[in-house]
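In the working numbering, the protein residues as written are 11 to 403.
Glycine included, each C-beta is placed from N, C-alpha and C at the ideal position.
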Ligand SMILES: *Cc1c(COP(=O)(O)O)cnc(C)c1O
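Written out as structure tokens, the structure reads:
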């Protein structure tokens with residue numbers, strides 16, 4: 011299989027798996043136990059916390075382990091909201107559902123929210139965020155890089171506005187943690203979500219960074235684990251895996267960025283040369299080096315995906331969470347694409363295992379697929395042109 015869906019999830023790095031193994035077998039103590047078998051495991055959890063903190067330029071006491079990106083986003087948003095009791099939240103229209111749905115849930119409970127829009131490159135305008143701030147604003151949450159189109163938001167500028175207004179700033183950095191250098195102090199971030207499985211760690215574990223002194227309430231009540239912020243016996247093997255993934259990412263990030271960036275550019279060039287009526291989504295410079303989001307006009311994304319799958323190529327149309335539904339991506343719609351056009355989107359997200367041969371195979375295989383599908387749709391009249399079969403959506 012040629013796997014080009016790293017924004018949906020990544021394979022566990024073999025070095026991560028090796029680090030985790032003992033904690034699934036002989037090192038099974040409960041980190042809360044006072045005897046040695048427990049304390050050895052406690053040390054492994056705290057070592058992992060140090061590694062995650064180092065990845066973010068944070069202190070270890072500011073890092074809380076969670077079950078992943080979704081829980082981190084929910085804890086950040088609801089944790090602040092529950093602490094304040096009422097107020098207004100600012101977020102963007104292109105956030106991951108983990109943020110959007112958490113904010114909508116708050117709206118049903120009396121909180122208010124502003125969803126700032128984006129331009130055609132998928133960029134949030136910091137001035138719009140500034141204009142949205144009210145006296146009762148309790149939180150600003152804007153993602154670092156978008157999972158679908160890769161656009162990187164000006165979060166330093168937004169964080170500076172939040173700081174000036176005395177409002178905590180949260181960022182969903184699930185797509186950037188372990189891929190881009192992050193320094194929570196230099197960037198002015200107060201809360202940050204990350205997830206291990208997006209950077210070669212295991213699924214079901216993540217972390218939430220919360221700046222020291224930020225008032226927030228726990229969302230998972232139980233034991234005193236994670237200093238009372240997140241009750242429940244720790245996912246020790248997962249946490250150790252997250253720590254190892256963070257350590258590897260910190261060491262290899264710079265090299266990987268250059269290597270994968272070249273491959274992504276090769277892919278985009280190759281497709282642009284061979285496919286007519288092809289457009290790229292996302293800001294041309296301010297975007298993730300591993301993501302290529304394309305619109306192939308007059309063809310359904312799902313049809314291309316199935317054909318690619320037949321050739322052993324795994325990619326995505328829209329986000330993984332919404333695939334299976336026929337709704338066009340909320341991100342592309344927010345960027346101003348008409349629904350029928352958004353239906354023709356394909357996302358290739360490259361990663362650590364991607365090779366030049368993988369890319370060349372896609373460049374070879376996709377153009378004839380597009381040609382075939384365009385010929386078929388012209389024949390049946392079932393095209394996805396604007397005002398066509400999907401014009402009323
Ligand atoms: C994958 C993803 C999440 C959810 O993370 P999980 O660990 O799968 O819950 C949240 N935000 C973004 C931007 C993501 O890409």
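Three or more beta-carbon pairs drawn from the region 145 to 157 and the region 95 to 105 are found closer than 8 Å, and the two stretches are therefore classed as touching.
Within the chosen limit of 8 Å, ligand 1 reaches the beta carbon of residue 184 through at least one heavy atom. Not one heavy atom of ligand 1 sits closer than 8 Å to the Cβ of residue 345.
Counting every other CB atom within 10 Å of its CB across the protein chains shown gives residue 208 a total of 16 or more, marking it as buried.
By the CB criterion at 9 Å, residue 163 and residue 143 fall outside the cutoff. In the DSSP assignment, residue 305 falls within the unbroken beta strand (DSSP E) covering 301 to 306. Per DSSP, residue 320 is one residue of the alpha helix (DSSP H) stretching across 311 to 320.
372 is the residue among 213, 146, 124, 372 whose C-alpha sits nearest the C-alpha of residue 283. Contact annotation: residue 221 and residue 148 have beta-carbon atoms that are not nearer than 9 Å. When beta bridges are read from the DSSP output, residue 76 appears opposite 216.
Counting every other CB atom within 10 Å of its CB across the protein chains shown gives residue 385 a total below 16, marking it as exposed. With respect to the 9 Å criterion, residue 217 and residue 26 are not classified as neighbours on the basis of their beta carbons. Taken in chain order, the unbroken stretches of beta strand (DSSP E) that lie wholly in the region 123 to 165 and span 3 residues or more are 147 to 151. Contact between residue 21 and residue 363 holds, with the beta-carbon distance rounding to 7 Å and staying under 8 Å. DSSP places residue 340 inside the alpha helix (DSSP H), whose first and last residues are 340 to 344.
According to DSSP, residue pairing for residue 230 in a beta bridge involves 240. When beta bridges are read from the DSSP output, residue 100 appears opposite 124, 150. Pairing residue 114 with residue 87, the inter-Cα distance amounts to about 11 Å. Between the alpha carbons of residue 246 and residue 119 lies a distance of about 35 Å.
Between residue 365 and residue 277, the C-beta gap is not smaller than 9 Å, which leaves the two residues out of contact.
At a cut-off of 8 Å, the beta-carbon of residue 98 does not count as near ligand 1: no heavy atom of the ligand is closer than that. Apart from sequence neighbours up to five positions away, the residues of its chain that approach residue 312 with a beta-carbon distance below 7 Å are 327, ordered along the chain. For residue 58, the CB contacts under 7 Å within the same chain, skipping 5 residues up- and downstream, are 249, 250, 252, 253 in chain order. Here residue 316 has no same chain residue with a Cβ atom under 6 Å from its own Cβ, once five neighbours each way along the sequence are excluded. According to the DSSP assignment, residue 357 belongs to the beta strand (DSSP E) that extends over 355 to 359. Residue 236 sits buried, since 16 or more C-beta atoms from the chains shown fall within 10 Å of its C-beta. Look at residue 13 here: in three-state DSSP terms it is strand. In the three-state reduction of the DSSP assignment, residue 82 falls in the helix class, which pools H, G and I.
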